[in-house]
Amino acid sequence: MRYYRKLRRQSKLLTLRVAEGAFFLRRFVEFPRQVGSVMPSSRYLTRAVMDRIDWEETRCLAELGAGTGVFTRAIIRNLRKDGAALVFEIDPMLKKVIEDDHAGLDVYGDARELPKILYERGIAELDCVVSSLPFAVLPPRMTASILDAVCKYLKPGGKMVAYQYSRHMKPYFEKRFASVKVSFVLRNVPPAFVYECVKGS
Ligand SMILES: C[S@@+](CC[C@H](N)C(=O)[O-])C[C@H]1O[C@@H](n2cnc3c(N)ncnc32)[C@H](O)[C@@H]1O
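Position in the sequence shown (first residue = 1) + 8 = this note's numbering.
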């Protein structure tokens, strides 16, 4: 009996994830350069990103480009009880998915509004930024303004963990951060580079 209940739970979860993937793909077909990927991140990429965050030291975190919320769920699981997450997703339909899944979570639109939101919330600095933004294919001015804001508002020694599908952004990250480490996650569609960018102290 317990086996069948487990099986039913697993098949429900699978159906949910397939529906989530199909919805994400539809958004990609409509806005390919904005969404930047054909499907949500795999659990391997999610783990690789989450493992680079010092959760003990993270009180205030911003997630940029939440999509259907694969990382958002992991962030909520890992964040300390007194921690705060500010989540940004520009696509109103994807934003609604996150809002519906996480009542009470602070979900915002365009990541370019990060400085304004921090000001309104009275937050002086961020401990960590998790970015899924497809920086390499976004309009260059949008990429530059978001990266400049991330650098400005990260605390000294704070970290941005970002994934990309190429090494194109490496020099742009190196220009802004004191240290940039890159690792590669094969088990994702497509395989991804994870950038661990630390702001100077
Ligand atoms: C590659 S998807 C990643 C989704 C999810 N985090 C994941 O890993 O599966 C990038 C997401 O960034 C969003 N995005 C693109 N430009 C944005 C911006 N300026 N502000 C906020 N979100 C943006 C897209 O709508 C898309 O959902």
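Quick reminder that beta carbons are idealized off the backbone N, C-alpha and C, glycines included.
Per DSSP, cross-strand counterpart(s) of M9: Partner(s): none; M9 has no beta bridge.
Does the region 84-98 touch the region 114-122, meaning 3 or more C-beta pairs lie closer than 8 Å? Between the region 114-122 and the region 84-98, the count of Cβ pairs shorter than 8 Å is three or higher; the stretches touch.
What number of angstroms, rounded off, separates the C-alpha of G44 from the C-alpha of Y11? Going by the C-alpha atoms only, they are around 39 Å apart.
Buried or exposed: where does R184 fall if 16 or more other Cβ atoms within 10 Å of its Cβ makes it buried? Residue environment analysis places R184 among the buried positions, since at least 16 neighbouring C-beta atoms fall within 10 angstroms of its C-beta.
Ligand 1 heavy atoms versus the CB of K66: any closer than 8 Å? Sequence check: residue 66 is Thr here, not Lys. Incorrect: T66 has no Cβ contact closer than 8 Å to ligand 1.
Applying the 10 Å Cβ sphere with the 16-neighbour rule, what's the burial state of P142? That one is buried.
With a threshold of 6 Å on Cβ separation, who are the neighbours of L162 within its own chain once the five nearest residues in sequence on each side are excluded? Within the same chain, L162 has close Cβ partners L134, K207.
Closer than 8 Å is the cut-off here; do at least three beta carbon pairs connect the region 52-60 with the region 76-85? The region 52-60 vs the region 76-85: in contact.
Should P147 go down as buried or exposed, given a rule of 16 or more other Cβ atoms within 10 Å for buried? An exposed status is given to P147, since fewer than 16 other beta-carbon atoms sit within 10 Å of its beta-carbon.
From which residue to which residue does the beta strand (DSSP E) around M96 run? In the sequence under discussion, the amino acid at residue 96 is Phe, which differs from the Met named in the question. Looking at the DSSP string, the run of the beta strand (DSSP E) that includes F96 is 92-96.
Buried versus exposed call for E97 [16 or more other C-beta atoms within 10 Å across all chains shown]: With a 10 Å radius around the Cβ and a threshold of 16 neighbouring Cβ atoms, E97 comes out buried.
Taking the alpha carbon of E65 as the reference point, which residue from C159, K160, V137, R195 has its own alpha carbon closest? Minimum Cα-Cα distance from E65 among the listed residues C159, K160, V137, R195 corresponds to V137.
Could you have a look at E107 and say whether DSSP puts it in helix, strand or coil? Shown here, E107 sits in a helix according to DSSP, grouped into three states.
Beta-carbon proximity list for I131, same chain, < 7 Å, skipping 5 on both sides: Sequence-distant Cβ neighbours of I131 in its own chain, meaning closer than 7 Å and more than five residues away, are C68.
What residue from V202, Q18, K124 has the CA that sits closest to R175's CA? Looking from the CA of R175, the closest CA among V202, Q18, K124 belongs to V202.
Would you list the one or two residues that DSSP bridges to V71? Residue 71 is actually Glu in this sequence, not Val. DSSP output for E71 lists V95, V138 as bridge partner(s).
Chain B within 9 Å of D59, Cβ atoms only: Given the protein chain composition of this structure (a single chain), no chain B is represented.
So what does DSSP say about L162, is it helix, strand or coil? Looking at L162 - three-state DSSP - the assignment turns out to be strand.
Hey, would you say the C-beta of V169 is under 8 Å away from at least one heavy atom of ligand 1? Not one heavy atom of ligand 1 falls within 8 Å of the beta-carbon of V169.
Could you pull the DSSP bridge partners for V193 from this structure? Its beta-bridge partners are A200.
Between I106 and the rest of its own chain, which residues show a CB-CB distance below 8 Å, the 5 nearest in sequence each way excluded? Taken in chain order, the residues that qualify are A74, T76, G77, T80, V95, E97, L113, V115.
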